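Residue numbers (this note's numbering): 28 to 214.
All residues carry an ideal CB built from backbone N, CA and C; glycine is no exception.
Computed from a predicted structure; not experimentally measured.
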Amino acid sequence: MDKWLKTGTLKRSASRTEIRTTDLAAMGITVDHQDDNHEVQRPTDWPIQVDESTDVSDLSISLVIARYLNVNELEENLLLCYPLMKRCTGEDIFNAIQDYFCENEIDWAKCCGVYTDGGKSMSGCYKGLRGRIKIVAPHVARSHCCIHRQSLSAKPLPDSLKEVLNQSVKVVNFIKANSTNTRLFKS
28 MDKWLKTGTL
38 KRSASRTEIR
48 TTDLAAMGIT
58 VDHQDDNHEV
68 QRPTDWPIQV
78 DESTDVSDLS
88 ISLVIARYLN
98 VNELEENLLL
108 CYPLMKRCTG
118 EDIFNAIQDY
128 FCENEIDWAK
138 CCGVYTDGGK
148 SMSGCYKGLR
158 GRIKIVAPHV
168 ARSHCCIHRQ
178 SLSAKPLPDS
188 LKEVLNQSVK
198 VVNFIKANST
208 NTRLFKS
């Protein structure tokens, strides 16, 4: 990540291994290393997706995923994986992200969107993550992430449409679950 921030370019292998290894090593999670040598230009605008979940041992983990356009292809990288030791308030999640951004000299002005679930710690307009981000970056668009929007849209649907939507979700999940399946649909 440091190379990307300092030079403006990032090796694809670095984007997939160094960031994840740095953030996940403290948690004992290992990542398979890929050895690509394709360079990725530093993105100008990028949205982040933030999710907080609790694992089996009741440890809350905050995940931040950055998405950006590389040439004509959408790239997605894990930016931050941070365990929340105390509480899971919007302020705690924001402080973890803010500390990471300050440490790596990432500017909020380049962030164009924040996508979260509808939990109180995420969506609160004053003390939630969205409210805290609005203070430092008022230009940032805020929305539900794609999976949560699908879930919300499916609730009031008639049974016939809900069945079609569920089948569509199963097909997409099957395609995305395996890289071989995904490659079949690339043009």
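For residue i, the three-state DSSP class (helix, strand or coil)
i: Glu132; result: coil
i: Ser84; result: coil
i: Gly158; result: helix
i: Ala164; result: coil
i: Asp78; result: strand
i: Asn97; result: strand
i: Leu184; result: coil
i: Thr116; result: coil
i: Asn205; result: coil
Whole-number beta carbon distance between residue j and residue i, since they are thought to touch under 8 Å
i: Leu90; j: Cys108; result: 6 Å
i: Pro74; j: Tyr142; result: 6 Å
i: Glu103; j: Ile92; result: 6 Å
i: Asp144; j: Asp82; result: Going by Cβ atoms, the distance from Asp144 to Asp82 rounds to 16 Å, so no, they are not a contact pair.
i: Glu130; j: Arg159; result: With a Cβ gap of about 18 Å, Glu130 and Arg159 do not count as contacting.
Residue i classed as buried or exposed, judged by whether at least 16 other C-beta atoms fall within 10 angstroms
i: Met112; result: exposed
i: Tyr95; result: buried
i: Cys138; result: buried
i: Leu101; result: exposed
i: Gln194; result: exposed
i: Ser206; result: exposed
C-beta neighbour in chain C for residue i, strict 8 Å
i: Leu111; result: Considering every chain present, this structure includes no chain C. It has just one protein chain.
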